[in-house]
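Here is the structure we will look at, set down as structure tokens.
Chains as they are written, first to last, in the numbering used here: chain E, 170 to 479; chain R, 170 to 479.
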């Protein structure tokens, strides 16, 4: 994390994983690849391209290895995959990903519903995966994203101490970074500032991404609050696709287009070309006909005379 | 303006004026009154209830005096009306409003399109109206809202110096407060912080409301940015109704429901009961059948275990 407003932000696009995982229809592999190509063409430098889970559980992710292989053809980007367990991590590492991300929920109820393990059992899973990574692909980064860090539809309030302790445990277990996720859209800017400040105090440079949802309209305000606290990596989803199938009421990742527009308008560099980013909606919509796609900046268009700093 | 986070915020509901002025259909007077009653029942303490303009120009506002008289039955609220000129101000003062608000645009192109006067001519109108007010109703407050303060669809960029100078001129001409309006949804949080900081440096306690639009999704982030700078009055519209009929591409006032939810979730008092505020959507929708009504917090519902501080 960096408190300098000059530091560019890294937009970590989660649509091809988080987004697709939440829609009923399955996107064809070729469509996923076209979408990823369009994201890279727009300047997106980190993409969560797949989830390594049993195909019986999530048929949308059956082509995970193939999608990773396609994404790896692009140079200069970080290809990331979600892995809920050791088997998934092994497959993802075999496929050649640059970064693994693990969902570690601070709410026991959500953790059990999502991965059938308690938070503490997930920390042990982080440790096992970190060891596996060290043994076979030591250059690969491991991220532990703390889910339901701002509240849970099943459990209600989640204690801030639990969230910070869990993030610290993940780092101690071998994760390189740990960020905070508002899985169900409960976060508010005051809470976001408080928790990211505590996170940085606790784990310093290991503090990772803000993963915000727009369920109650506060997505961008929460991202701004996190940015104020020095967060420089933000998860978001093109067209606002996504949510969590195992957290009732979780809907709407922050829209990448609006988030990038906010930062670029503020003069904060993202490395992403907005017009090309808007154009990346076409392959998404072509691959998921009938699926609602959100985003106010692409609908309203850029302001008159708007010029991105380069 | 106040930098203390303990100071409650004042939500100035502009739907019955700004909102209705932008829709094609005309709401019946009885429906407007029911809507205003529901807003007051929810705890809204300032309402822009009408615009005093020639009925031929805006037939939706032909019942302005009647609506003002109805609103005045409620005690403890500030009944506000928009007045573009002396004649309007005279009629509004006769009707008994507590507060006049004048649109003074920083963009000459928008000012001419909106009120057929240059910004400088509008400052003279402010002066004339302040004198009129002093003569016949000295207790009435006069607000000058600087329109297109963050950019203009007609002119493009609006110089920040022009905005601040114009606000200062309005105060010098006799306005009690001057706020900044993002009439067309061009503002970003960095700009909002910069301009409100300059505004306060220039006119001190006379610095007024933030009037933000959600055209490109940044409405709440911009309100948060203004709040950080000490702004404690926010214009918004129930259901996000509104825009400006004379500024092409201006759509979507900030949604009152989502704005109040943001502040209340942060622990910032608004004096408004969220459940009752959500209930105030019913008379709005009944009075404007078929009109789109926005708001993510009312659609998603309040978080589990959410309790408003009282």
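The beta carbon of each residue, even a glycine, is placed where N, CA and C say it ideally should be.
All values derive from a computational prediction rather than experimental measurement.
Inter-residue CB distance, residue i and residue j (contact presumed, cutoff 8 Å)
{"i": "residue 344 of chain R", "j": "residue 299 of chain R", "result": "7 Å"}
{"i": "residue 428 of chain E", "j": "residue 180 of chain E", "result": "7 Å"}
{"i": "residue 254 of chain E", "j": "residue 293 of chain E", "result": "At roughly 11 Å, the Cβ-Cβ gap does not stay under 8 Å, so residue 254 of chain E and residue 293 of chain E are not in contact."}
{"i": "residue 232 of chain E", "j": "residue 452 of chain E", "result": "So it is not a contact: roughly 16 Å between Cβ atoms."}
{"i": "residue 310 of chain R", "j": "residue 380 of chain R", "result": "Actually they are not in contact, since the Cβ atoms of residue 310 of chain R and residue 380 of chain R sit about 16 Å apart, beyond 8 Å."}
{"i": "residue 364 of chain R", "j": "residue 329 of chain R", "result": "6 Å"}
{"i": "residue 184 of chain R", "j": "residue 406 of chain R", "result": "4 Å"}
Alpha-carbon spacing of residue i relative to residue j, whole angstroms
{"i": "residue 259 of chain R", "j": "residue 401 of chain E", "result": "53 Å"}
{"i": "residue 426 of chain E", "j": "residue 456 of chain R", "result": "34 Å"}
{"i": "residue 192 of chain R", "j": "residue 257 of chain R", "result": "21 Å"}
{"i": "residue 443 of chain R", "j": "residue 188 of chain E", "result": "30 Å"}
{"i": "residue 337 of chain E", "j": "residue 296 of chain E", "result": "12 Å"}
{"i": "residue 221 of chain R", "j": "residue 339 of chain R", "result": "20 Å"}
{"i": "residue 227 of chain R", "j": "residue 178 of chain R", "result": "31 Å"}
{"i": "residue 348 of chain R", "j": "residue 361 of chain E", "result": "28 Å"}
{"i": "residue 313 of chain R", "j": "residue 242 of chain R", "result": "26 Å"}
{"i": "residue 249 of chain E", "j": "residue 279 of chain E", "result": "23 Å"}
{"i": "residue 277 of chain E", "j": "residue 287 of chain E", "result": "6 Å"}
{"i": "residue 186 of chain E", "j": "residue 441 of chain R", "result": "39 Å"}
{"i": "residue 458 of chain E", "j": "residue 217 of chain R", "result": "43 Å"}
{"i": "residue 462 of chain R", "j": "residue 301 of chain E", "result": "52 Å"}
{"i": "residue 174 of chain E", "j": "residue 478 of chain E", "result": "14 Å"}
{"i": "residue 436 of chain R", "j": "residue 389 of chain R", "result": "16 Å"}
{"i": "residue 423 of chain R", "j": "residue 291 of chain E", "result": "41 Å"}
{"i": "residue 213 of chain R", "j": "residue 466 of chain R", "result": "17 Å"}
{"i": "residue 367 of chain R", "j": "residue 211 of chain R", "result": "34 Å"}
{"i": "residue 473 of chain E", "j": "residue 355 of chain R", "result": "9 Å"}
{"i": "residue 324 of chain R", "j": "residue 261 of chain E", "result": "52 Å"}
{"i": "residue 190 of chain E", "j": "residue 196 of chain E", "result": "10 Å"}
{"i": "residue 392 of chain R", "j": "residue 445 of chain R", "result": "22 Å"}
{"i": "residue 202 of chain R", "j": "residue 403 of chain R", "result": "22 Å"}
{"i": "residue 234 of chain E", "j": "residue 373 of chain E", "result": "33 Å"}
{"i": "residue 269 of chain E", "j": "residue 431 of chain R", "result": "33 Å"}
{"i": "residue 209 of chain R", "j": "residue 448 of chain R", "result": "12 Å"}
Boundaries (first-last residue) of the alpha helix (DSSP H) holding residue i
{"i": "residue 271 of chain E", "result": "That residue, residue 271 of chain E, is in no alpha helix (DSSP H); its beta strand (DSSP E) goes 268–274."}
{"i": "residue 263 of chain E", "result": "255–264"}
{"i": "residue 456 of chain R", "result": "450–456"}
{"i": "residue 376 of chain R", "result": "Counting along the chain, residue 376 of chain R falls outside any alpha helix (DSSP H), though it belongs to the beta strand (DSSP E) covering 376–380."}
{"i": "residue 280 of chain E", "result": "277–284"}
{"i": "residue 188 of chain R", "result": "Where residue 188 of chain R is concerned, there is no enclosing alpha helix (DSSP H), given that its DSSP letter is neither H nor E."}
{"i": "residue 368 of chain E", "result": "358–372"}
{"i": "residue 390 of chain R", "result": "388–397"}
{"i": "residue 326 of chain E", "result": "Run containing residue 326 of chain E: none; DSSP gives neither H nor E here."}
{"i": "residue 301 of chain E", "result": "288–305"}
{"i": "residue 239 of chain E", "result": "233–240"}
{"i": "residue 460 of chain E", "result": "Neither: residue 460 of chain E is in no alpha helix (DSSP H) and is coded neither H nor E."}
{"i": "residue 207 of chain R", "result": "198–211"}
Residue range of the unbroken beta strand (DSSP E) whose run includes residue i
{"i": "residue 348 of chain E", "result": "346–350"}
{"i": "residue 248 of chain R", "result": "247–251"}
{"i": "residue 403 of chain E", "result": "402–405"}
{"i": "residue 311 of chain R", "result": "310–316"}
{"i": "residue 219 of chain R", "result": "215–220"}
{"i": "residue 441 of chain R", "result": "No beta strand (DSSP E) contains residue 441 of chain R, which DSSP labels as neither H nor E."}
{"i": "residue 125 of chain R", "result": "One cannot answer for residue 125 of chain R here, as it falls past the ends of chain R, which runs 170 to 479."}
{"i": "residue 182 of chain E", "result": "179–182"}
Residue i burial status per 10 Å Cβ neighbour count (16 or more: buried)
{"i": "residue 408 of chain E", "result": "buried"}
{"i": "residue 303 of chain E", "result": "exposed"}
{"i": "residue 273 of chain R", "result": "buried"}
{"i": "residue 229 of chain R", "result": "buried"}
{"i": "residue 172 of chain E", "result": "exposed"}
{"i": "residue 215 of chain R", "result": "buried"}
{"i": "residue 322 of chain R", "result": "buried"}
{"i": "residue 224 of chain R", "result": "exposed"}
{"i": "residue 358 of chain E", "result": "buried"}
{"i": "residue 385 of chain R", "result": "buried"}
{"i": "residue 182 of chain R", "result": "buried"}
{"i": "residue 333 of chain E", "result": "buried"}
Residues that residue i contacts on chain A, provided the C-beta gap is smaller than 8 Å
{"i": "residue 401 of chain E", "result": "Judged by its chain identifiers, the structure shown contains no chain A, and its protein chains are E and R."}
Check: Which residues, in order along the region 421–451 of chain R, keep a beta-carbon less than 9 Å from a beta-carbon of chain E?
Finding: Here the close residues are 421, 424, 426, 427, 428, 430, 431, 432, 433, 434, 435, 436 and 437.
Inset, instruction - Compile a chain-ordered list of the residues in the region 454–479 of chain R whose CB is closer than 7 Å to at least one CB of chain E. - result: Listed by position along the chain: 465, 466, 469, 472, 473 and 474.
Residues of the region 186–207 of chain R with a CB closer than 7 Å to any CB of chain E: list them in chain order, please.
-> Within the region 186–207 of chain R, no residue has its Cβ closer than 7 Å to any Cβ of chain E.
For the region 359–374 of chain R, enumerate the residues whose C-beta is nearer than 8 Å to any C-beta of chain E, in chain order.
Cβ contacts with chain E come from 359 and 360.
If the cut-off is 7 Å on Cβ atoms, which residues from the region 311–338 of chain R count as contacting chain E, listed in chain order? Residues of the region 311–338 of chain R with a C-beta atom less than 7 Å from some C-beta of chain E are 320, 322, 325 and 326, listed in chain order.
query = Closer than 9 Å, Cβ to any Cβ of chain R: which residues of the region 259–285 of chain E, in chain order?
reply = None of the residues of the region 259–285 of chain E has a beta carbon lying less than 9 Å from any beta carbon of chain R.
- Message: To be precise: take each residue of the region 380–395 of chain E, compare its Cβ to all Cβ atoms of chain R, and keep it if any distance is under 8 Å. Which residues remain?
- Response: The residues in question are 383, 384, 385, 386, 387, 389, 390, 392, 393 and 394.
The region 210–221 of chain E: positions lying closer than 9 Å to chain R by Cβ:
Against chain R - using a Cβ distance shorter than 9 Å - the region 210–221 of chain E contributes no residues.
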